[in-house]
Each structure stands twice: as structure tokens, then as C-alpha cells.
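*Asks:*
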Amino acid sequence: MKRQWVFALAAGLIIVFVGIIALSGARQSVEAYNPHNLIRFHIVPHSNAKADQVLKLRVRDAVVQYLTPEVQDVHDVREARRIVLKELDRIRAVASREVQAVGKDYPVQVSFGYYHFPTRTYGSLQVPEGDYQAVRVIIGEGKGQNWWCVLFPPLCFISVDAPVDSPALASNSQHILVRDTEEEVQFQWRIREWWEKSTHLADVIAESGSTARKSGPKGRFFDVLKAPHRIYIWWGGLNA
């Protein structure tokens with residue numbers, strides 16, 4: 000009876016320990032993308048006149064071509080923010096050059112900060128409403144239909160065919176880049192999955208203890224060697 004309690008206690012401690020690791024990993028996954036570690040790029044043209052909209056895309060192409068190499072190998076939002084802040088004057092120069100190239104004298108404003116965005120679609124991505132860090136380029140009076148992309152992580156290479164200044168209409172083909180409600184559901188499911196597999200670990204440990212008691216000293220030695228392998232197999236199933 001005493002040995003059974005020892006094995007039960009060991010199983011409980013291992014379940015708790017592994018559970019902390021598993022849930023920590025799930026939480027890190029949940030927090031992979033949020034409004035604080037995304038940086039958006041936002042261009043607001045002078046007007047909706049065709050020439051101004053074409054100019055908007057010209058400025059977009061020039062700025063994206065300049066900025067993407069600067070952040071494409073960056074893996075930390077703080078480093079990406081530092082680079083963007085350092086490059087604001089250069090971004091303004093790049094945009095102004097494109098404005099002047101088409102014979103316009105629009106002023107160009109470039110800023111970085113937190114700005115409120117409605118739910119938007121970008122290619123197959125959907126980014127929910129919220130306050131996001133963004134590089135904002137305003138051309139002239141800034142009254143035209145705008146354009147945006149996700150600068151960090153660098154996703155500005157995605158082609159956009161639909162207008163982006165209207166509320167997004169989600170479809171089955173869209174990927175939700177940031178969505179708290181979905182993440183909460185996934186996290187709760189992860190807890191349930193972990194618990195079900197943890198009960199299997201308890202069975203593995205109990206089986207090892209029962210076999211060890213029946214097989215004598217030599218058998219107990221080899222069963223102790225087999226136990227880590229069984230737990231390793233269980234751990235692989237947990238993280239599958």
C-alpha cells in the first residue's frame with residue numbers, strides 16, 4: 000500500500016510539472032501576435048482622384064522596397080521599432096521624391112505611434128480592430144482611400160486587390176492574424192487535451208510500478224530504465 004502511495008505521489012508531481020511546462024508553451028503561442036508586437040505601415044493619399052491614388056501606390060512601392068530589407072531579418076519588435084524610428088527622415092525623403100517625380104508639390108508627413116484601426120483585410124489576412132503601432136505616411140491633405148500592410152513581421156509583399164479602408168468581411172479563406180476570442184478557445188482546448196493525456200501518464204507510471212513489484216530486484220532495475228522512454232513517448236504525443 001505504501002508503495003502505491005509513492006507511485007501515485009510521483010505521478011501527481013510529474014503531471015503538475017509537465018502541465019506547467021505545457022501551459023506555459025500554450026500561453027507563449029497565444030501571445031505570438033498581438034497589437035503590441037505588430038508594426039503596420041499606413042499610407043493616406045491626398046484624395047481619391049485617380050492620379051492621387053496612383054501616386055499612393057507609387058509611394059507605397061518605394062517605401063516598402065526601402066524598408067523591407069531593413070526589417071526582414073529582425074525577430075524582435077523592439078529592434079524593429081528602433082530601426083523604424085531611425086529611418087523616419089529617410090522614409091519621408093523617399094516618399095517626397097516620388098511625389099516630386101510626378102510633378103506634385105504635396106507635403107509629406109511621416110510619423111510613428113499607436114493609431115486606431117478598424118477591422119481590416121490584407122490579402123488573406125484579417126487584423127481585428129484596435130490600437131496598433133504604425134508608420135503613417137500622409138500625402139497632402141490625406142483625405143483619400145488609404146492603404147496599409149503589416150511591416151513587422153514583414154508581410155508587405157502580399158498583393159492587395161480589394162479596398163482596405165472599409166470594414167472587413169471575413170471569409171473562410173482568411174487567416175485571422177490577431178484574435179483574442181479564438182486564442183482563448185484554443186487555449187482552453189489545449190488545457191483539456193493536456194489533462195486527458197496527463198491521465199495516460201499516470202497510467203504509465205502506475206504500470207511501471209506494478210511491473211517492478213512483480214519482477215523482483217533485477218526486473219525493477221530494468222523497469223526503472225524503461226520508464227523514461229515511456230514518458231518520452233507520452234511527451235511526444237502531448238506536443239503533437
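All residue numbers for the sequence shown refer to numbering that gives the first Met the number 0, where the first residue is 0 and numbers rise by one.
Glycine residues also receive a C-beta, built at the ideal position from the N, C-alpha and C atoms.
Contact between the segment 66 to 78 and the segment 35 to 52 is defined here as three or more beta-carbon pairs at a separation below 8 Å; is this criterion met?
*Replies:* Yes: at least three Cβ pairs fall under 8 Å.
*Asks:* What do you reckon, are the CB atoms on Val58 and Gly143 nearer than 8 Å?
*Replies:* The sequence position of residue 58 within the sequence shown is 59, counting from 1. The sequence position of residue 143 within the sequence shown is 144, counting from 1. No, the pair does not count as a contact, with Cβ atoms beyond the cut-off.
*Asks:* I need the boundaries of the alpha helix (DSSP H) containing Val83, first residue and last residue.
*Replies:* Position 84 of the sequence shown, counted from the start, is the residue given in the question as residue 83. Val83 -> alpha helix (DSSP H) spans 76 to 85.
*Asks:* Using a Cβ-Cβ cut-off of 7 Å (strictly less than) and excluding sequence neighbours within five positions of Glu69, which residues of its own chain qualify?
*Replies:* In the sequence shown, residue 69 corresponds to position 70, counting from 1. Once the five neighbours on either side are set aside, the close Cβ partners of Glu69 are Ile82, Glu86.
*Asks:* Look at Gly139 and Tyr114 and say whether their C-beta atoms are less than 8 Å apart.
*Replies:* On the sequence shown, residue 139 is found 140 positions in, with the first residue counted as 1. On the sequence shown, residue 114 is found 115 positions in, with the first residue counted as 1. Their beta carbons are not under 8 Å apart, which means Gly139 does not touch Tyr114 by this criterion.
*Asks:* CA-CA distance, Gly102 and Gln132?
*Replies:* Residue mapping note: residue 102 aligns to position 103 of the sequence shown, counting from 1. Residue mapping note: residue 132 aligns to position 133 of the sequence shown, counting from 1. One C-alpha to the other measures close to 32 Å.
*Asks:* Measure the C-alpha to C-alpha separation of Ile157 and His41 and round it to an integer number of angstroms.
*Replies:* If you number the sequence shown from 1, residue 157 lands on position 158. If you number the sequence shown from 1, residue 41 lands on position 42. In this prediction, Ile157 scores a pLDDT of 47, lower than 50, which makes its location untrustworthy; no coordinate-derived value is stated.
*Asks:* Per DSSP, what kind of secondary structure is Val101 in: helix, strand or coil?
*Replies:* Walking along the sequence shown from the start, residue 101 turns up at place 102. In this structure, Val101 counts as coil in the three-state DSSP scheme.
*Asks:* Considering only DSSP beta bridges, list what Thr120 is partnered with.
*Replies:* Here residue 120 corresponds to residue number 121 of the sequence shown, with the count starting at 1. Looking at the DSSP assignment, Thr120 forms a beta bridge with Gln125.
*Asks:* Considering just the uninterrupted stretch of the beta strand (DSSP E) at Val149, what are its terminal residues?
*Replies:* The count along the sequence shown starts at 1 and reaches residue 149 at position 150. Here the beta strand (DSSP E) through Val149 covers 146 to 151.
*Asks:* Any idea which residues DSSP pairs Ala133 with across the strands?
*Replies:* Residue 133 sits at position 134 when you count from the first residue of the sequence shown. Ala133 is bridged to Arg39, Gly112.
*Asks:* Give me the Cα-Cα distance between Ala248 and Val93, rounded to the nearest whole angstrom.
*Replies:* Residue coverage of the chain in this structure runs from 0 to 239, which leaves residue 248 outside it and unanswerable.
*Asks:* Quick one: give me the first and last residue of the alpha helix (DSSP H) that Gln52 is part of.
*Replies:* For this step, residue 52 is matched to residue 53 along the sequence shown. Note, Gln52: alpha helix (DSSP H), 49 to 70.
*Asks:* Mapping DSSP to helix, strand and coil, what is Val107?
*Replies:* Taking the first residue of the sequence shown as 1, we reach residue 107 at position 108. Looking at Val107 - three-state DSSP - the assignment turns out to be strand.
*Asks:* Using CA atoms only, rank isn't needed, just tell me which of Val109, Asp130, Asp88, Ala50 is closest to Pro117.
*Replies:* The sequence position of residue 117 within the sequence shown is 118, counting from 1. Selected option, being the one with the closest Cα: Asp130.
*Asks:* Per DSSP, which one or two residues make a beta bridge with Ile138?
*Replies:* Counted from its first residue, the sequence shown places residue 138 at position 139. Looking at the DSSP assignment, Ile138 forms a beta bridge with Val107.
*Asks:* Note down the Cα distance separating Asp60 from Pro127, rounded to an integer number of angstroms.
*Replies:* As a position in the sequence shown, residue 60 is number 61, starting the count at 1. As a position in the sequence shown, residue 127 is number 128, starting the count at 1. Distance between the alpha carbons of Asp60 and Pro127 is about 25 Å.
*Asks:* Near Gly141, what residues of its chain come up, given a Cβ to Cβ distance below 6 Å and the 5 sequence neighbours on each side ignored?
*Replies:* Stepping through the sequence shown from its first residue, residue 141 is reached at position 142. Answer for Gly141: Val43, listed in chain order.
*Asks:* Which residues in the same chain have their Cβ closer than 7 Å to the Cβ of Leu150, if we skip the five residues on either side of it in sequence?
*Replies:* Residue 150 sits at position 151 when you count from the first residue of the sequence shown. Correct list, in chain order: Ile38, Arg39, Phe40, Leu66, Val70, Val134.
*Asks:* With 16 other CB atoms within 10 Å as the buried threshold, where does Ala79 fall?
*Replies:* Counting from 1 along the sequence shown, the entry for residue 79 is found at position 80. Result: buried.
*Asks:* Would a C-beta distance cut-off of 8 Å place Gln108 and Ile90 closer than the cut-off?
*Replies:* Translated into positions along the sequence shown, residue 108 becomes position 109. Translated into positions along the sequence shown, residue 90 becomes position 91. No, Cβ-Cβ distance for Gln108 and Ile90 is not below 8 Å.
*Asks:* Mapping DSSP to helix, strand and coil, what is Val73?
*Replies:* Locating residue 73 in the sequence shown gives position 74, where the first residue counts as 1. DSSP places Val73 in coil when its eight states are reduced to three.
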